[in-house]
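Below: the structure, in structure tokens.
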Amino acid sequence: MNPSSAPPQINSQKPIKTLRPSTFWRLAEDIPPSLNWGLMVASIAIPLFLWWLVTTLGNVDPKFLPSPAKVIAAFQRLWSTGDLQKDTIASLWRVGVGFLMAALCSIPIGVLMGSFASIRALLEPMFGLMRYMPAPAFIPLLILYLGIGEEPKITLIFIGVFFFNSLMVMDTVKFVPKDLIEATYMLGGKRLQTLLQVIFPYVLPGILDACRINLAAAWQLVIVSELIAATEGLGRRISVAGRFLRTDEIFVGLIVIGVIGLTFDLLFQYVLRISCRWASQKR
Amino acid sequence: MYLQITNLHKNFETKAGPLVVLKDINMLIEQGEFICAVGASGSGKSTLLRQIAGLDSPSSGEVRIDGKLITGPGPDRGMVFQHYTLYPWMNVQQNAEFGLKLQGLAKKERRERASYYLSVVGLTRFAKSLPKELSGGMKQRVAIARALASEPKVLLMDEPFGALDVHTKESMHEFMLDLWQRTHITVFMITHDVEEAVFLSNRIYALGARPGTVRKEIKVQLPDRSHAVKRHAIFHDYRDELMDLLRKHGQEASLAVAA
């Protein structure tokens, strides 16, 4: 008779479950700083410890897995001869030039693609296609066109970074609120002024972030590029060490590459925090 | 006539054919008036404001300010948006100056003028603050100062207090009345808040929905402009009349859509 009297009683026996508090499993929330630092240290220390444990207690062939001590010794050996420094500088220079040129070209093009639907229509299909061509696949062509000097190596990094970075910069421009652009027009802004003085500063944090991510790609490509024909470089060092089964030197090369990459990443994050204070999420 | 809207029509092309958003809008606004256009959603009130701003062009008809035909956006019309449109990387002072910078004013002059309008909106103390450090009401006051710094002929406001809480809204109402009395600026404000419109304006255009048309023009004469007047019978009369107008036309419109 009266369908809207009382809601049906479901599971009336079961107690209501409430969310239990947790420190470790907080969804999308910060954890206490002490726990944060502890976990971050553990993230490096535990693998190091396991490595040491396996090589010390386990009967592992050092040709297969050298102990940390052996790797440190190899590091000192390579450092004292000056080879390691030479290799590092060679690789850094290739990444630096290739990445800088790619960034300098891709940032304006990406901003233009994001700002103007016309430029986007003109370039996006081509860039979208190029992006899916793996840069290392261009190596034969680059050798054919540019020989075996520094040019093909730098061009490889350029190709690997330029298209990705252009498209990622373009995406950041899409997040500029339309209201902000219209407000600029209402204040008397011309299109060029709006582009340079409103859109560009607004997307600068996004651009820096895109560059940070693509620097990692550049760093991977330099190693690949040194497989072409190089006399020095960290990638070269690793492949030569591989040929002579000097596993400890392979480890040195890998660790140096990792540390340099991480340093650049942190540097980018620092620049981002300093130059774009307004964009930081934390209050 | 200062702000003149003549036979304005606006259609949008949709997949289902042309949609009439604004139909036969005529408005005449004198210098120094405080005008509110009140309408429910679908009355095309924001679209109307965009035509005056020049951010969009009418399908037919025209908008003139001080005799000059509007063909695009420009600093002779100050605009305050509903959403915060301050530049987040600039501090309050730089935000207030930015329009003058775009227009090519010398540094000293734009600093002086921006500082003056920041003092008008009572934010001199916050000149060095970033927008993210301000409350919603303060952000809108900076936006108002930024618009006023260009010394526009009319201040266009698109539901500027829609995102604010009730108490902030009330203090912003007082602030607007005070500002208007001191600067004698012409204000054209869009709102769906009937009480806001009655409290602030000299004259109200009640807009009907689908298509947006001027249903009635109401001249508001209140005994005074303090919050006490909101308890006054005259205030209630205005409010009820407007509510009835909007309700009636809202229902008609939804029936028309259903049919």
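From first to last, the protein sequence lines stand for chains D and H. First residue of the first sequence: 1, per our numbering; consecutive thereafter. First residue of the second sequence: 1001, per our numbering; consecutive thereafter. Beta carbons are placed, not taken as given, at the ideal position from N, Cα and C, and that holds for glycine.
Let me check understanding here. Comparing Cα to Cα, which of the options lies closest to residue i?
| i | options | result |
| --- | --- | --- |
| Val97/D | Leu50/D, Lys14/D, Leu156/D and Ala73/D | Leu156/D |
| Met133/D | Val95/D, Ile46/D, Ile274/D and Val161/D | Val161/D |
| Arg1247/H | Leu1028/H, Ser1041/H, Met1176/H and Pro1073/H | Ser1041/H |
| Gln1094/H | Ala1143/H, Asp1076/H and Leu1055/H | Ala1143/H |
| Ser1060/H | Arg1210/H, Asn1026/H and Ser1046/H | Asn1026/H |
| Val222/D | Arg243/D, Leu92/D, Val259/D and Val71/D | Leu92/D |
| Phe268/D | Cys105/D, Asp209/D and Ile107/D | Asp209/D |
| Glu1196/H | Glu1174/H, Leu1179/H and Thr1124/H | Glu1174/H |
| Thr88/D | Asp265/D, Leu266/D and Ile255/D | Ile255/D |
| Tyr1084/H | Glu1159/H, Gln1221/H and Lys1139/H | Lys1139/H |
| Leu196/D | Gly1122/H, Thr1006/H and Leu1102/H | Leu1102/H |
| Tyr1238/H | Glu1030/H, Tyr1205/H, Phe1012/H and Thr1213/H | Tyr1205/H |
| Ile1218/H | Phe1235/H, Glu1112/H and Val1121/H | Phe1235/H |
| Leu1134/H | Pro1088/H, Glu1151/H and Met1176/H | Pro1088/H |
| Val176/D | Ser280/D, Glu182/D, Thr194/D and Ile199/D | Ile199/D |
| Glu150/D | Ala90/D, Lys174/D, Phe116/D and Arg246/D | Ala90/D |
May I have the straight-line CA-CA distance separating residue i from residue j, to the nearest angstrom?
| i | j | result |
| --- | --- | --- |
| Asp1024/H | Gly1136/H | 36 Å |
| Leu1118/H | Val1194/H | 29 Å |
| Ile1190/H | Gly114/D | 32 Å |
| Leu1003/H | Gly189/D | 23 Å |
| Ala74/D | Leu272/D | 36 Å |
| Val1020/H | Arg277/D | 46 Å |
| Arg1050/H | Leu180/D | 14 Å |
| Lys1169/H | Ala1114/H | 24 Å |
| Pro140/D | Pro68/D | 38 Å |
| Thr1006/H | Lys1068/H | 13 Å |
| Asp265/D | Gly1162/H | 42 Å |
| Ser1129/H | Met1090/H | 9 Å |
| Pro32/D | Leu204/D | 31 Å |
| Asp1066/H | Glu1030/H | 10 Å |
| Thr18/D | Lys1015/H | 49 Å |
| Ser43/D | Leu50/D | 12 Å |
Are the Cβ atoms of residue i and residue j separated by less than 8 Å?
| i | j | result |
| --- | --- | --- |
| Val1038/H | Leu1155/H | no |
| Glu1033/H | Thr1186/H | yes |
| Leu1086/H | Pro1131/H | yes |
| Ile1070/H | Ile1052/H | yes |
| Met1157/H | Met186/D | no |
| Ala102/D | Asn165/D | yes |
| Leu1048/H | Leu1028/H | no |
| Pro1058/H | Leu1008/H | yes |
| Val224/D | Pro136/D | yes |
| Ser1153/H | Asp1056/H | Reading off the sequence, residue 1153/H comes out as Lys, not Ser. No, the Cβ-Cβ distance between Lys1153/H and Asp1056/H is not below 8 Å. |
| Gly206/D | Thr172/D | yes |
| Arg286/D | Met168/D | Because chain D spans 1 through 283 in this model, residue 286/D falls outside it and cannot be assessed. |
| Lys1010/H | Gly1044/H | yes |
| Arg1146/H | Phe1098/H | yes |
| Arg94/D | Ile159/D | no |
| Leu234/D | Ile257/D | yes |
| Val54/D | Leu65/D | yes |
| Leu1164/H | Leu1200/H | no |
I want to verify the contact list: residues of chain D whose CB lies under 7 Å from the CB of residue i, in sequence order.
| i | result |
| --- | --- |
| Leu1130/H | Trp278 |
| Arg1210/H | Simply none; closest approach about 24 Å. |
| Ser1327/H | Residue 1327/H is absent from the structure shown; chain H starts at 1001 and stops at 1259. |
| Gly1044/H | Here the premise fails: no neighbours, minimum Cβ distance about 18 Å. |
| Ile1225/H | Just to set this straight, residue 1225/H is Arg in the shown sequence, not Ile. In chain order: nothing, as chain D lies at least about 28 Å away. |
| Gly1074/H | Gly188 |
Under 8 Å Cβ-Cβ, which residues of chain H neighbour residue i?
| i | result |
| --- | --- |
| Asp179/D | Phe1081, His1083 and Thr1085 |
| Val198/D | Tyr1087 |
| Pro66/D | Ordered by position in chain H, no residue passes the 8 Å Cβ test against Pro66/D, which lies about 50 Å from the chain. |
In chain D, which residues lie with their C-beta within 9 Å of the C-beta of residue i?
| i | result |
| --- | --- |
| Arg1111/H | Chain D residues near Arg1111/H: none, gap ~16 Å exceeds 9 Å. |
| Gly1137/H | Those within 9 Å of Gly1137/H in chain D number zero; the least Cβ separation is about 18 Å. |
| Arg1215/H | Correct list: empty, because the minimum Cβ distance to chain D is about 28 Å. |
| Ala1053/H | Glu182, Tyr185 and Met186 |
| Arg1077/H | Met186 |
| Arg1146/H | Ala183 and Leu187 |
When you compare the CB of residue i with every CB in chain A, is at least one pair closer than 8 Å?
| i | result |
| --- | --- |
| Pro1160/H | Within the model displayed, chain A is absent; protein chains D and H are what it includes. |
Flag residue i as yes when its Cβ comes closer than 7 Å to any non-hydrogen atom of the ligand ZN, and as no otherwise.
| i | result |
| --- | --- |
| Tyr1116/H | The ligand ZN is absent from the structure shown, which contains no ligands of any kind. |
So with CB distances below 7 Å, who are the chain H contacts of residue i?
| i | result |
| --- | --- |
| Pro140/D | Residues of chain H passing the Cβ test: none, with the nearest at roughly 46 Å. |
| Pro201/D | Trp1089 |
Quiz item: What residues in the stretch 1090-1105 of chain H have a beta carbon less than 7 Å from any beta carbon of chain D?
Solution: Phe1098, Gly1099, Leu1102 and Gln1103
Quiz item: For the stretch 160-194 of chain D, which residues have a CB atom closer than 8 Å to at least one CB atom of chain H, in sequence order?
Solution: Pro177, Asp179, Leu180, Glu182, Ala183, Thr184, Tyr185, Met186, Leu187, Gly188, Gly189, Lys190 and Gln193
Quiz prompt | Chain-ordered residues of the stretch 1055-1067 of chain H with a beta carbon less than 7 Å from chain D | solution = Leu1055
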